[in-house]
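First residue of the sequence shown: 1, per the numbering used here; consecutive thereafter. All C-beta atoms, glycine included, are put in the ideal place defined by N, C-alpha and C. Everything below concerns the one structure shown next.
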Amino acid sequence: MRSSPSRQVLVLVAGLSVLAAAQARGESHSLLWGASGERWTPQSRLPDFSMAGYRRGEEPFRVPASQISVKSFGAKGDGKTDDTAAFRKAIQAGAGQVIFVPPGRYVLNGLLTLAQSNTVLRGAGSSRTVLLFKTPGTALDARPAHTDGGRPTSNWSWAGGLISIGGPKRRSDVAVRVAAEASRGDRDLELAKCPYRRGDDIVLVLHDDEQKSLLEYLYRGQPGNVSGLKGWRVRQVFRVMGIDGRRVRLDRPLRFDVRLKWRPVVERFVPSVTDVGVEGFRFEFPAEPYQGHFREVGYNPIEITATAAHC
1 MRSSPSRQVL VLVAGLSVLA AAQARGESHS LLWGASGERW TPQSRLPDFS
51 MAGYRRGEEP FRVPASQISV KSFGAKGDGK TDDTAAFRKA IQAGAGQVIF
101 VPPGRYVLNG LLTLAQSNTV LRGAGSSRTV LLFKTPGTAL DARPAHTDGG
151 RPTSNWSWAG GLISIGGPKR RSDVAVRVAA EASRGDRDLE LAKCPYRRGD
201 DIVLVLHDDE QKSLLEYLYR GQPGNVSGLK GWRVRQVFRV MGIDGRRVRL
251 DRPLRFDVRL KWRPVVERFV PSVTDVGVEG FRFEFPAEPY QGHFREVGYN
301 PIEITATAAH C
(Lines of atoms letter the chains of each structure in order from A; the text may use other names.)
(Lines give C-alpha, C1' and ligand atoms only; values in the text may rest on other atoms or scores of the structure.)
Protein backbone atom coordinates (compact mmCIF):
# COMPACT_ATOMS: atom_id res chain seq x y z
CA MET A 1 0.00 0.00 0.00
CA ARG A 2 1.23 3.50 -0.74
CA SER A 3 2.23 5.59 2.22
CA SER A 4 2.43 9.31 2.83
CA PRO A 5 5.52 10.98 4.34
CA SER A 6 3.68 11.34 7.66
CA ARG A 7 3.07 7.58 7.82
CA GLN A 8 6.70 6.91 6.97
CA VAL A 9 7.74 9.15 9.86
CA LEU A 10 5.41 7.28 12.23
CA VAL A 11 6.89 3.95 11.18
CA LEU A 12 10.44 5.31 11.58
CA VAL A 13 9.72 6.75 15.03
CA ALA A 14 8.12 3.47 16.14
CA GLY A 15 11.14 1.51 14.97
CA LEU A 16 13.59 3.90 16.62
CA SER A 17 11.66 3.76 19.90
CA VAL A 18 11.97 -0.04 20.00
CA LEU A 19 15.70 0.23 19.26
CA ALA A 20 16.20 2.95 21.87
CA ALA A 21 14.39 0.91 24.52
CA ALA A 22 16.65 -2.06 23.85
CA GLN A 23 19.77 0.10 23.98
CA ALA A 24 18.65 1.72 27.24
CA ARG A 25 18.61 -1.71 28.85
CA GLY A 26 22.00 -2.54 27.44
CA GLU A 27 20.59 -5.14 25.06
CA SER A 28 22.27 -5.96 21.76
CA HIS A 29 19.41 -7.86 20.12
CA SER A 30 16.05 -6.82 18.68
CA LEU A 31 13.05 -6.79 21.01
CA LEU A 32 11.07 -8.32 18.16
CA TRP A 33 13.47 -11.20 17.45
CA GLY A 34 15.96 -11.71 20.25
CA ALA A 35 19.24 -13.54 19.80
CA SER A 36 17.85 -16.48 17.85
CA GLY A 37 14.11 -15.88 17.47
CA GLU A 38 13.04 -16.61 21.03
CA ARG A 39 11.11 -13.31 21.25
CA TRP A 40 9.27 -13.77 17.98
CA THR A 41 5.62 -14.81 17.97
CA PRO A 42 3.16 -15.37 15.10
CA GLN A 43 1.42 -12.15 16.21
CA SER A 44 4.64 -10.16 15.92
CA ARG A 45 5.12 -7.20 13.60
CA LEU A 46 7.68 -9.39 11.80
CA PRO A 47 5.89 -11.67 9.30
CA ASP A 48 6.99 -15.27 8.86
CA PHE A 49 9.33 -15.21 5.85
CA SER A 50 10.78 -18.67 6.50
CA MET A 51 9.32 -20.01 3.24
CA ALA A 52 10.30 -17.07 1.05
CA GLY A 53 12.33 -17.67 -2.08
CA TYR A 54 12.15 -19.94 -5.08
CA ARG A 55 9.66 -22.77 -4.44
CA ARG A 56 9.78 -22.12 -0.69
CA GLY A 57 13.49 -23.03 -0.64
CA GLU A 58 12.58 -26.70 -0.94
CA GLU A 59 13.69 -27.41 -4.53
CA PRO A 60 16.69 -26.62 -6.77
CA PHE A 61 16.19 -24.25 -9.69
CA ARG A 62 14.43 -25.78 -12.68
CA VAL A 63 16.83 -24.57 -15.37
CA PRO A 64 15.87 -25.18 -19.02
CA ALA A 65 18.23 -27.46 -20.93
CA SER A 66 18.12 -25.63 -24.27
CA GLN A 67 19.43 -22.14 -25.00
CA ILE A 68 19.19 -19.43 -27.65
CA SER A 69 20.99 -16.09 -27.97
CA VAL A 70 19.58 -12.61 -28.52
CA LYS A 71 22.38 -12.15 -31.04
CA SER A 72 20.58 -14.61 -33.32
CA PHE A 73 17.67 -12.15 -33.46
CA GLY A 74 19.71 -9.08 -34.34
CA ALA A 75 20.77 -7.68 -30.97
CA LYS A 76 23.99 -5.66 -31.25
CA GLY A 77 24.98 -4.85 -27.68
CA ASP A 78 27.09 -1.94 -28.89
CA GLY A 79 25.69 0.69 -26.51
CA LYS A 80 24.15 2.61 -29.43
CA THR A 81 21.64 0.45 -31.29
CA ASP A 82 18.14 0.06 -29.86
CA ASP A 83 17.94 -3.70 -29.22
CA THR A 84 14.35 -3.73 -27.94
CA ALA A 85 12.89 -5.42 -31.03
CA ALA A 86 15.60 -8.09 -31.03
CA PHE A 87 14.97 -8.88 -27.36
CA ARG A 88 11.23 -9.16 -27.94
CA LYS A 89 11.77 -11.56 -30.84
CA ALA A 90 14.12 -13.67 -28.75
CA ILE A 91 11.68 -13.77 -25.83
CA GLN A 92 8.84 -14.84 -28.13
CA ALA A 93 10.96 -17.57 -29.74
CA GLY A 94 12.67 -18.66 -26.53
CA ALA A 95 9.71 -19.72 -24.41
CA GLY A 96 10.77 -22.58 -22.17
CA GLN A 97 14.47 -21.98 -22.82
CA VAL A 98 17.44 -19.99 -21.58
CA ILE A 99 17.65 -16.74 -23.54
CA PHE A 100 21.33 -15.82 -23.36
CA VAL A 101 22.51 -12.23 -23.59
CA PRO A 102 26.27 -12.21 -24.36
CA PRO A 103 28.63 -9.55 -22.99
CA GLY A 104 27.85 -6.03 -24.18
CA ARG A 105 25.81 -2.89 -23.52
CA TYR A 106 22.27 -3.34 -24.78
CA VAL A 107 20.14 -0.24 -25.26
CA LEU A 108 16.46 -0.92 -24.54
CA ASN A 109 13.75 1.66 -25.17
CA GLY A 110 10.66 -0.45 -24.59
CA LEU A 111 9.01 -2.72 -22.06
CA LEU A 112 9.84 -6.43 -22.01
CA THR A 113 7.42 -9.09 -20.78
CA LEU A 114 8.29 -12.66 -19.80
CA ALA A 115 4.90 -14.37 -20.01
CA GLN A 116 5.92 -17.99 -20.62
CA SER A 117 6.86 -20.43 -17.87
CA ASN A 118 10.25 -22.14 -17.57
CA THR A 119 12.10 -19.29 -19.26
CA VAL A 120 15.35 -17.69 -18.10
CA LEU A 121 16.77 -14.40 -19.38
CA ARG A 122 20.47 -14.76 -18.59
CA GLY A 123 23.36 -12.36 -18.97
CA ALA A 124 27.07 -13.13 -18.78
CA GLY A 125 27.44 -11.47 -15.38
CA SER A 126 26.83 -8.03 -13.89
CA SER A 127 30.27 -6.80 -14.95
CA ARG A 128 29.87 -8.00 -18.54
CA THR A 129 26.23 -7.69 -19.63
CA VAL A 130 24.58 -4.29 -19.17
CA LEU A 131 20.94 -3.45 -19.92
CA LEU A 132 20.67 0.30 -20.51
CA PHE A 133 17.10 1.58 -20.30
CA LYS A 134 17.09 5.13 -21.65
CA THR A 135 13.33 5.74 -21.52
CA PRO A 136 11.38 5.78 -18.22
CA GLY A 137 8.28 3.71 -17.68
CA THR A 138 5.99 6.75 -17.54
CA ALA A 139 7.02 7.66 -21.09
CA LEU A 140 6.45 4.12 -22.36
CA ASP A 141 3.12 3.49 -20.60
CA ALA A 142 1.84 6.38 -18.46
CA ARG A 143 -0.42 4.33 -16.13
CA PRO A 144 -2.07 7.33 -14.45
CA ALA A 145 -3.30 6.83 -10.89
CA HIS A 146 -4.09 8.73 -7.70
CA THR A 147 -2.67 8.66 -4.19
CA ASP A 148 -4.69 7.82 -1.09
CA GLY A 149 -5.85 11.43 -0.92
CA GLY A 150 -6.64 11.77 -4.62
CA ARG A 151 -3.44 13.46 -5.81
CA PRO A 152 -2.50 12.59 -9.43
CA THR A 153 0.44 10.23 -9.76
CA SER A 154 1.50 7.17 -11.75
CA ASN A 155 1.33 3.48 -10.95
CA TRP A 156 5.08 3.44 -11.59
CA SER A 157 5.64 5.04 -8.18
CA TRP A 158 4.93 1.73 -6.43
CA ALA A 159 4.64 -0.97 -9.11
CA GLY A 160 5.55 -1.88 -12.65
CA GLY A 161 8.82 -3.02 -14.18
CA LEU A 162 10.72 -2.42 -17.39
CA ILE A 163 11.03 -6.20 -17.40
CA SER A 164 7.73 -7.69 -16.23
CA ILE A 165 7.20 -11.33 -15.29
CA GLY A 166 3.60 -12.50 -15.47
CA GLY A 167 0.74 -13.43 -17.72
CA PRO A 168 -3.03 -13.15 -17.94
CA LYS A 169 -5.02 -13.81 -14.79
CA ARG A 170 -6.40 -17.33 -14.75
CA ARG A 171 -9.92 -17.92 -13.59
CA SER A 172 -9.96 -19.90 -10.39
CA ASP A 173 -12.73 -22.17 -9.25
CA VAL A 174 -15.67 -20.76 -7.32
CA ALA A 175 -14.56 -18.79 -4.27
CA VAL A 176 -15.26 -20.50 -0.96
CA ARG A 177 -16.61 -18.36 1.86
CA VAL A 178 -14.74 -18.26 5.16
CA ALA A 179 -17.25 -19.23 7.85
CA ALA A 180 -15.53 -18.08 11.05
CA GLU A 181 -13.32 -15.20 12.09
CA ALA A 182 -9.62 -15.67 12.83
CA SER A 183 -6.82 -13.57 14.28
CA ARG A 184 -3.44 -12.50 13.02
CA GLY A 185 -1.01 -15.31 13.82
CA ASP A 186 -3.59 -18.11 13.56
CA ARG A 187 -2.90 -21.02 11.22
CA ASP A 188 -6.41 -22.41 10.79
CA LEU A 189 -9.39 -21.25 8.73
CA GLU A 190 -12.93 -22.61 8.95
CA LEU A 191 -14.64 -22.63 5.55
CA ALA A 192 -18.28 -22.95 4.50
CA LYS A 193 -17.16 -26.05 2.58
CA CYS A 194 -13.79 -27.61 1.86
CA PRO A 195 -13.00 -28.76 -1.68
CA TYR A 196 -9.24 -28.69 -1.05
CA ARG A 197 -6.64 -31.32 -0.30
CA ARG A 198 -3.34 -31.35 1.53
CA GLY A 199 -0.68 -29.76 -0.70
CA ASP A 200 -3.06 -27.43 -2.57
CA ASP A 201 -2.05 -23.78 -2.89
CA ILE A 202 -4.83 -21.35 -1.97
CA VAL A 203 -5.22 -17.59 -1.66
CA LEU A 204 -7.22 -15.80 1.02
CA VAL A 205 -8.84 -12.53 -0.10
CA LEU A 206 -10.42 -9.85 2.12
CA HIS A 207 -12.57 -7.01 0.74
CA ASP A 208 -12.94 -3.61 2.36
CA ASP A 209 -16.40 -2.34 3.30
CA GLU A 210 -18.01 1.05 2.65
CA GLN A 211 -16.72 2.37 5.97
CA LYS A 212 -13.15 1.45 4.93
CA SER A 213 -12.69 -0.45 8.15
CA LEU A 214 -10.13 -2.76 6.53
CA LEU A 215 -7.94 0.23 5.66
CA GLU A 216 -8.48 1.56 9.17
CA TYR A 217 -7.27 -1.77 10.56
CA LEU A 218 -4.26 -2.01 8.23
CA TYR A 219 -3.16 1.51 9.19
CA ARG A 220 -3.69 0.74 12.88
CA GLY A 221 -6.27 3.50 13.27
CA GLN A 222 -4.17 6.17 11.54
CA PRO A 223 -5.07 5.92 7.85
CA GLY A 224 -4.80 9.62 7.09
CA ASN A 225 -6.62 10.79 3.98
CA VAL A 226 -7.76 7.65 2.14
CA SER A 227 -10.58 9.29 0.23
CA GLY A 228 -8.95 8.18 -3.02
CA LEU A 229 -9.00 4.49 -2.11
CA LYS A 230 -12.09 2.41 -2.84
CA GLY A 231 -12.69 -1.31 -3.00
CA TRP A 232 -9.38 -2.20 -1.34
CA ARG A 233 -8.43 -5.87 -1.03
CA VAL A 234 -5.66 -7.79 0.69
CA ARG A 235 -4.42 -11.26 -0.24
CA GLN A 236 -2.22 -13.94 1.26
CA VAL A 237 -1.18 -17.20 -0.35
CA PHE A 238 -0.93 -20.43 1.64
CA ARG A 239 -0.32 -24.12 1.17
CA VAL A 240 -2.83 -26.49 2.73
CA MET A 241 -1.07 -28.63 5.33
CA GLY A 242 -4.07 -30.52 6.67
CA ILE A 243 -7.86 -30.87 6.60
CA ASP A 244 -10.21 -31.50 9.52
CA GLY A 245 -13.77 -31.37 8.23
CA ARG A 246 -14.25 -27.79 7.05
CA ARG A 247 -11.18 -26.56 8.92
CA VAL A 248 -8.03 -25.98 6.88
CA ARG A 249 -4.56 -26.02 8.42
CA LEU A 250 -2.26 -23.42 6.80
CA ASP A 251 1.49 -23.58 6.27
CA ARG A 252 2.13 -20.11 7.71
CA PRO A 253 0.47 -17.67 10.12
CA LEU A 254 -2.17 -15.18 9.03
CA ARG A 255 -0.66 -11.73 8.52
CA PHE A 256 -3.91 -9.99 9.39
CA ASP A 257 -7.18 -10.59 11.20
CA VAL A 258 -9.98 -12.25 9.27
CA ARG A 259 -13.32 -10.60 10.01
CA LEU A 260 -16.59 -11.61 8.39
CA LYS A 261 -17.49 -7.99 7.57
CA TRP A 262 -14.57 -8.02 5.11
CA ARG A 263 -16.23 -10.83 3.13
CA PRO A 264 -13.27 -13.24 3.33
CA VAL A 265 -13.08 -15.92 0.65
CA VAL A 266 -10.59 -18.58 -0.35
CA GLU A 267 -9.74 -19.54 -3.94
CA ARG A 268 -7.23 -21.85 -5.53
CA PHE A 269 -3.96 -20.07 -6.26
CA VAL A 270 -3.38 -20.63 -9.97
CA PRO A 271 -0.42 -18.60 -11.30
CA SER A 272 -0.23 -18.34 -15.08
CA VAL A 273 3.58 -18.08 -15.12
CA THR A 274 6.11 -20.04 -13.06
CA ASP A 275 9.84 -20.78 -13.02
CA VAL A 276 11.01 -17.62 -14.79
CA GLY A 277 14.43 -16.15 -14.06
CA VAL A 278 16.34 -12.95 -14.80
CA GLU A 279 20.02 -13.19 -13.90
CA GLY A 280 23.54 -12.05 -14.72
CA PHE A 281 22.85 -8.38 -15.59
CA ARG A 282 23.64 -4.87 -14.52
CA PHE A 283 20.83 -2.35 -15.05
CA GLU A 284 21.72 1.22 -15.93
CA PHE A 285 19.51 4.30 -16.23
CA PRO A 286 20.14 7.94 -17.15
CA ALA A 287 21.27 10.04 -14.19
CA GLU A 288 18.30 12.32 -13.47
CA PRO A 289 17.41 14.32 -10.34
CA TYR A 290 14.91 12.57 -8.08
CA GLN A 291 11.56 14.37 -8.32
CA GLY A 292 10.11 13.15 -5.04
CA HIS A 293 7.66 10.58 -3.71
CA PHE A 294 4.71 9.87 -6.03
CA ARG A 295 6.63 11.63 -8.82
CA GLU A 296 8.85 8.71 -9.75
CA VAL A 297 9.27 8.33 -13.51
CA GLY A 298 9.47 4.54 -13.59
CA TYR A 299 13.05 3.34 -13.77
CA ASN A 300 11.98 0.08 -12.12
CA PRO A 301 14.11 -2.84 -13.38
CA ILE A 302 12.05 -5.98 -12.69
CA GLU A 303 8.45 -6.66 -11.69
CA ILE A 304 7.01 -10.03 -10.65
CA THR A 305 3.24 -9.65 -10.94
CA ALA A 306 0.52 -11.32 -8.90
CA THR A 307 -0.04 -13.84 -11.72
CA ALA A 308 3.51 -15.25 -11.39
CA ALA A 309 5.04 -17.52 -8.75
CA HIS A 310 8.16 -19.59 -8.09
CA CYS A 311 10.37 -17.15 -9.99
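Reduced DSSP category for G57 - H, G, I as helix; E, B as strand; rest coil: helix
On a CA-only basis, which of K134, E181, G149 is nearest L162? Give me that one, please. That would be K134, whose Cα lies nearest to the Cα of L162.
When we look at the beta-carbon of N300 and count the other beta-carbons within 10 Å, is it buried (16 or more) or exposed? buried
CA-to-CA distance, A179 to L111, given in whole angstroms: 43 angstroms
Is Q222 helix, strand or coil by DSSP? DSSP places Q222 in coil when its eight states are reduced to three.
Taking the runs of the alpha helix (DSSP H) that are 4 residues or longer, which of them lie wholly in the segment 57 to 102? 84 to 93
Using only alpha-carbon positions, find the residue among G224, A308, G34 that is nearest to G149. G224
Using a threshold of 8 angstroms, state whether the C-beta atoms of C311 and I91 are closer than that. Not a contact, by the Cβ cut-off of 8 angstroms.
Our contact map puts I99 next to R122 with C-beta atoms below 8 angstroms; I'd like the distance itself, whole angstroms only. The Cβ separation is near 7 angstroms, so the contact holds.
Per DSSP, which residues does V265 bridge with? Please list them. The partner list for V265 (beta bridge, DSSP) reads R177, V205.
Please return the same chain residues whose Cβ sits closer than 6 angstroms to the Cβ of T153, not counting the five positions on each side in sequence. A145, T147, F294
At which residues does the beta strand (DSSP E) containing L108 begin and terminate? Counting along the chain, the beta strand (DSSP E) containing L108 begins and ends at 104 to 108.
Which residue from V297, E296, Q291, R282 puts its Cα closest to that of V101? R282
One question on the structure: do V226 and S117 come within less than 8 angstroms of each other, judged by their Cβ atoms? With respect to S117, V226 sits apart: the two C-beta atoms are not nearer than 8 angstroms.
Apart from the five residues just before and just after L204, which ones in its own chain have a Cβ nearer than 6 angstroms to its Cβ? For L204, the CB contacts under 6 angstroms within the same chain, skipping 5 residues up- and downstream, are Q236, V266 in chain order.
DSSP state of L260 mapped onto helix, strand, coil: In the structure shown, L260 sits in a helix (DSSP, three-state: H, G or I).
Quick one: grab the DSSP three-state call for A182. strand
Could you spell out where the beta strand (DSSP E) holding L132 opens and where it closes? 129 to 133
Between A139, G96, S72, A306, which has its C-alpha nearest A86's C-alpha? S72
Assuming P168 contacts T41 under a Cβ cut-off of 8 angstroms, what Cβ separation, rounded to an integer in Å, is found between them? Taking the Cβ atoms as the reference, P168 lies roughly 39 angstroms from T41, outside the contact range of under 8 angstroms.
Alpha-carbon spacing of V120 relative to R55, whole angstroms: Each residue's Cα considered, the two are about 16 angstroms apart.
Beta-carbon gap between Q97 and I68 smaller than 8 angstroms: yes
Other residues of its chain near L108: CB distance less than 8 angstroms, five sequence neighbours each side excluded: Here the set comprises D82, D83, T84, F87, L131, L132, F133, K134, L162.
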